[in-house]
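Undergrad:
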Amino acid sequence: MSAVPIVTLRPAEATPAMLASAIRNVVGAATVQTGKVKIDVPPLVENGNTVPLTVTVASPMTENDYVKSIHVFNEKNPQPNVGNFYLGPRAGRAQISTRIRLADTQKIVAIARLSDGSFWSVSADVVVTLAACTEEVI
Amino acid sequence: MRSIHTIAVAGLLLAAGFAIPRLLATEIPQAERRSGYTFMSPDTKAIQDDDTANPGMLWVLDGEALWKRKTGTADKACADCHDDARASMKGVAARYPAFDRTLGRPVNLEQRINLCRAQHQQATPLPYESRDLLALAAFVGQQSRGVPITAGTDPQLEPFVAKGRDTFMRRQGQLNLGCTNCHNDNWDKHLAGSAVTQALPTGYPLYRLEWQSLGSLQRRLRNCMTGMRTQIYDYGAPELVELELYLMSRAHDMPVETPAVRP
Amino acid sequence: MASALINVPKKAKRGDIIEIKTLMSHIMETGYRRTATGELVPRDIITSFTCRYNGVEVFRADLFPAIAANPFITFFTVATESGKFDFEWIGDRGFTETASAAISVE
Numbered sequence: 252m253s254a255v256p257i258v259t260l261r262p263a264e265a266t267p268a269m270l271a272s273a274i275r276n277v278v279g280a281a282t283v284q285t286g287k288v289k290i291d292v293p294p295l296v297e298n299g300n301t302v303p304l305t306v307t308v309a310s311p312m313t314e315n316d317y318v319k320s321i322h323v324f325n326e327k328n329p330q331p332n333v334g335n336f337y338l339g340p341r342a343g344r345a346q347i348s349t350r351i352r353l354a355d356t357q358k359i360v361a362i363a364r365l366s367d368g369s370f371w372s373v374s375a376d377v378v379v380t381l382a383a384c385t386e387e388v389i
Numbered sequence: 072m073r074s075i076h077t078i079a080v081a082g083l084l085l086a087a088g089f090a091i092p093r094l095l096a097t098e099i100p101q102a103e104r105r106s107g108y109t110f111m112s113p114d115t116k117a118i119q120d121d122d123t124a125n126p127g128m129l130w131v132l133d134g135e136a137l138w139k140r141k142t143g144t145a146d147k148a149c150a151d152c153h154d155d156a157r158a159s160m161k162g163v164a165a166r167y168p169a170f171d172r173t174l175g176r177p178v179n180l181e182q183r184i185n186l187c188r189a190q191h192q193q194a195t196p197l198p199y200e201s202r203d204l205l206a207l208a209a210f211v212g213q214q215s216r217g218v219p220i221t222a223g224t225d226p227q228l229e230p231f232v233a234k235g236r237d238t239f240m241r242r243q244g245q246l247n248l249g250c251t252n253c254h255n256d257n258w259d260k261h262l263a264g265s266a267v268t269q270a271l272p273t274g275y276p277l278y279r280l281e282w283q284s285l286g287s288l289q290r291r292l293r294n295c296m297t298g299m300r301t302q303i304y305d306y307g308a309p310e311l312v313e314l315e316l317y318l319m320s321r322a323h324d325m326p327v328e329t330p331a332v333r334p
Numbered sequence: 008m009a010s011a012l013i014n015v016p017k018k019a020k021r022g023d024i025i026e027i028k029t030l031m032s033h034i035m036e037t038g039y040r041r042t043a044t045g046e047l048v049p050r051d052i053i054t055s056f057t058c059r060y061n062g063v064e065v066f067r068a069d070l071f072p073a074i075a076a077n078p079f080i081t082f083f084t085v086a087t088e089s090g091k092f093d094f095e096w097i098g099d100r101g102f103t104e105t106a107s108a109a110i111s112v113e
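Residue numbers (my numbering), protein chains in the order written: chain F, 252 to 389; chain H, 72 to 334; chain D, 8 to 113.
(1) Please report the distance separating the alpha-carbon of D/Glu95 from that of D/Glu104.
(2) Applying the criterion that 16 or more other CB atoms from any shown protein chain within 10 Å of the CB defines a buried residue, is H/Val131 buried or exposed?
(3) When DSSP builds the beta bridges, which residues end up paired with F/Ile274?
(4) At the 8 Å Cβ level, is H/Thr123 part of the contact set with chain D, yes or no?
(5) What is the DSSP secondary structure of H/Ala86, reduced to helix, strand or coil?
(6) Could you tell me the distance, in whole angstroms, from the CA atom of F/Leu270 to the CA atom of H/Met111?
(7) Kindly indicate which residue of H/Ala322, H/Gln213 and H/Ser265 has the alpha-carbon position closest to the one of H/Gly223.
(8) For the region 224-306 of chain H, list the alpha helix (DSSP H) runs that are entirely contained and at least 4 residues long, ordered along the chain.
(9) Specify, as a first and last residue, the run of the beta strand (DSSP E) that H/Lys116 falls within.
(10) With a Cβ-Cβ cutoff of 8 Å, do H/Leu280 and H/Pro334 count as a contact?
(11) Whole angstroms is fine: what's the gap from D/Glu26's alpha carbon to H/Pro230's?
(12) Does the count of Cβ pairs from the region 239-248 of chain H and the region 158-177 of chain H closer than 8 Å reach three?
(13) Go through its chain and collect everything with a Cβ distance to H/Asp154's Cβ below 6 Å, but skip five positions before and after it.
(14) Alpha carbon to alpha carbon, how far is D/Leu30 from F/Arg341?
(15) Less than 8 Å separating the beta-carbons of H/Asp145 and H/Gln193?
(16) Below 7 Å CB to CB, which residues in the same chain sit around H/Arg290 once its five sequence neighbours on both sides are set aside?
(17) If contact means a Cβ-Cβ distance below 7 Å, which residues of the region 344-358 of chain F contact chain D?
(18) Can you list, in chain order, the residues of the region 79-107 of chain D whose Cβ is nearer than 7 Å to any Cβ on chain F?
(19) Under a CB-based cut-off of 8 Å, is F/Phe370 close to chain D?
(20) Could you check where the beta strand (DSSP E) with D/Cys58 kicks off and where it finishes?
(21) Could you check the C-alpha separation between F/Ala361 and D/Phe82 for me, to the nearest Å?
(22) Is the shortest distance between the beta-carbon of F/Glu386 and the beta-carbons of chain H less than 8 Å?
(23) What is the DSSP secondary structure of H/Pro51, reduced to helix, strand or coil?
(24) Tell me, to the nearest whole angstrom, how far the beta carbon of F/Val348 is from that of F/Pro293; I am working on the premise that it is less than 8 Å.
(25) Within the chosen definition, does the region 369-383 of chain F reach the region 279-298 of chain F through at least 3 CB pairs nearer than 8 Å?
(26) So what's D/Ala75 in DSSP terms, helix, strand or just coil?
Given below as structure tokens:
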């Protein structure tokens, strides 16, 4: 988004600070370790309006050791949150898929909360281009 | 006896003049034609391949419900005349736009649906690109999935195919660009980040990721014209139907993919 | 006329991990787009999706504007008993839709 001085209710672009604070809302003061989580996303998207995304967490998914939730964030959309997904021991496999919107080339972050209270994360860089021929605004 | 019968029928067909569309020097040779599907990334192809993941199927489901709903002052449903669409509509979309005798010109599938509504259901026409019209067109189109396209072979359509071809070949607009400059001469190159395809409309109406919605071929053509910075035809304009007809005839013999997914 | 597409295996063996795919028709208007005259188009999204297996929640998701239109969500669950999956979508402007699918587990 351009730096036009219009007063808006929300900023046109998320900042790294917004991303950090959105992550803090989920993890609190806990340390987030890297590992266990995998993001499957095309490195160069066909269209930023619909980007297939799969997040997988390595976990036995037993009664005592399972993934409680997966939280997905982005860096440059107007808002840092993408989705929160709540699993549990009945899930069998800690994997979710969805389709997301990405406004620009940016980083996606996925954070998993495990049953033992630990947090694990991974990030992926995605290149997003605009479509060549766009429509007239309706 | 049977072989003589077959030869006689073949002779009749030739005499009736069913023509395979002529190929101009600049057009893509039949053997090199590729559906827009082949230009897509594996992730996007996967969306089209799975009927439970293809958002276009949501419109097909809506269309299936509309097919059975009574409407208009005649209080009739499509199903009342056409029964099970799986049987009655198979192959129909593959030969549209088709010649309408009363109007003396081609009509596309959406126009045919509205003509049916007016003549047989006494119902008001559905607006172009309305959800209901797209749903019915997607439902009818999907009944032809896999059927080879034969639109344009009717000899009565020849002058209209020619007009559509002229529009396709003609340089126009602020960029002095003809459709052929990209879609015949430069397919498989890229325009910014997007692949330039061969302009073979095998899967309409389709779910376009850019629209995040299902849309018609006419909507896509109007998009193209915006990009070419040329005069955009109104929905339903004869020039647009002729262009649709020519484009479908370009895709002669290729299988229908409705509802396709495209970026 | 919202419609949903659900893919749940009709049959499974006890203990099988099955994949459930869901697709719901919804524009997911972000609230950041503007009309040609500059007015903000108000947000209109699905905010929550829940799956219950014989009444017990086995999966839930919070959705934000960054989820693409016609939300597609897939997840896994262990087939424990025959019965029914109930799906619920809740969103802005009082949007609420449900769907269900039966499963036979041997």
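For glycine and all other residues, C-beta sits at the position ideal for the given N, C-alpha and C.
TA: So, from the listed chains and residues:
(1) The residue labelled residue 95 of chain D in the question sits at position 88 within the third sequence. The residue labelled residue 104 of chain D in the question sits at position 97 within the third sequence. Cα to Cα, the separation comes out at about 6 Å.
(2) Residue mapping note: residue 131 of chain H aligns to position 60 of the second sequence, counting from 1. Under this definition H/Val131 is a buried residue.
(3) Stepping through the first sequence from its first residue, residue 274 of chain F is reached at position 23. DSSP lists no partner for F/Ile274.
(4) Along the second sequence, one-based indexing puts residue 123 of chain H at 52. Closer than 8 Å: yes.
(5) The residue you call residue 86 of chain H lines up with position 15 of the second sequence. Low local confidence applies: a pLDDT of 47 at H/Ala86 is under 50, so the model's placement there is unreliable, and no value is given.
(6) For the purposes of this step, residue 270 of chain F is taken as residue 19 along the first sequence, with counting starting at 1. For the purposes of this step, residue 111 of chain H is taken as residue 40 along the second sequence, with counting starting at 1. Those two C-alpha atoms are separated by around 32 Å.
(7) Here the question's residue 223 of chain H lines up with position 152 in the second sequence. Put simply, of H/Ala322, H/Gln213 and H/Ser265 the residue whose alpha carbon is nearest the alpha carbon of H/Gly223 is H/Ala322.
(8) Taken in chain order, the complete alpha helix (DSSP H) segments of 4 or more residues contained in the region 224-306 of chain H are 229-240, 250-254 and 288-299.
(9) Here residue 116 of chain H refers to the residue found at position 45 when the second sequence is read from its first residue. It is not in any beta strand (DSSP E) - H/Lys116 instead sits in the alpha helix (DSSP H) that spans Pro113 to Asp120.
(10) Position 209 of the second sequence holds residue 280 of chain H. Position 263 of the second sequence holds residue 334 of chain H. Yes. Within cutoff.
(11) Locating residue 26 of chain D in the third sequence gives position 19, where the first residue counts as 1. Locating residue 230 of chain H in the second sequence gives position 159, where the first residue counts as 1. Taking the straight line from one Cα to the other gives about 53 Å.
(12) no
(13) As a first step, residue 154 of chain H is located in the second sequence; it is residue number 83 there, counting from the start. Closer than 6 Å at Cβ, skipping near neighbours: no residue.
(14) Position 23 of the third sequence holds residue 30 of chain D. Position 90 of the first sequence holds residue 341 of chain F. One C-alpha to the other measures close to 22 Å.
(15) One-based indexing of the second sequence puts residue 145 of chain H at position 74. One-based indexing of the second sequence puts residue 193 of chain H at position 122. Here the sequence assigns Ala to residue 145 of chain H, which means Asp is not the residue at that position. Yes, the pair counts as a contact, with Cβ atoms nearer than the cut-off.
(16) Reading the second sequence from its first residue, position 219 is the one you call residue 290 of chain H. If we look at H/Arg290 and ignore the five residues flanking it on each side, its Cβ neighbours are Glu200.
(17) Arg344, Gln346, Ile347, Ser348, Thr349, Arg350, Ile351 and Arg352
(18) Phe79, Ile80, Thr81, Phe82, Phe83, Thr84 and Val85
(19) Here residue 370 of chain F refers to the residue found at position 119 of the first sequence. Not an interface residue.
(20) For the purposes of this step, residue 58 of chain D is identified with residue 51 of the third sequence, where counting begins at 1. DSSP places D/Cys58 inside the beta strand (DSSP E), whose first and last residues are Ile53 to Tyr60.
(21) What you label residue 361 of chain F is simply residue 110 of the first sequence in a count that begins at 1. What you label residue 82 of chain D is simply residue 75 of the third sequence in a count that begins at 1. In a straight line, the C-alpha of F/Ala361 is about 16 Å away from that of D/Phe82.
(22) Stepping through the first sequence from its first residue, residue 386 of chain F is reached at position 135. Chain H contact via Cβ: present.
(23) Look at the range of chain H in this structure, 72 to 334, and you will see that residue 51 of chain H is not part of it.
(24) Walking along the first sequence from the start, residue 348 of chain F turns up at place 97. Walking along the first sequence from the start, residue 293 of chain F turns up at place 42. Note on residue identity: the sequence assigns Ser, not Val, to residue 348 of chain F. The Cβ separation is near 13 Å, so there is no contact.
(25) yes
(26) Taking the third sequence and counting its residues from 1, one reaches residue 75 of chain D at position 68. In this structure, D/Ala75 counts as coil in the three-state DSSP scheme.
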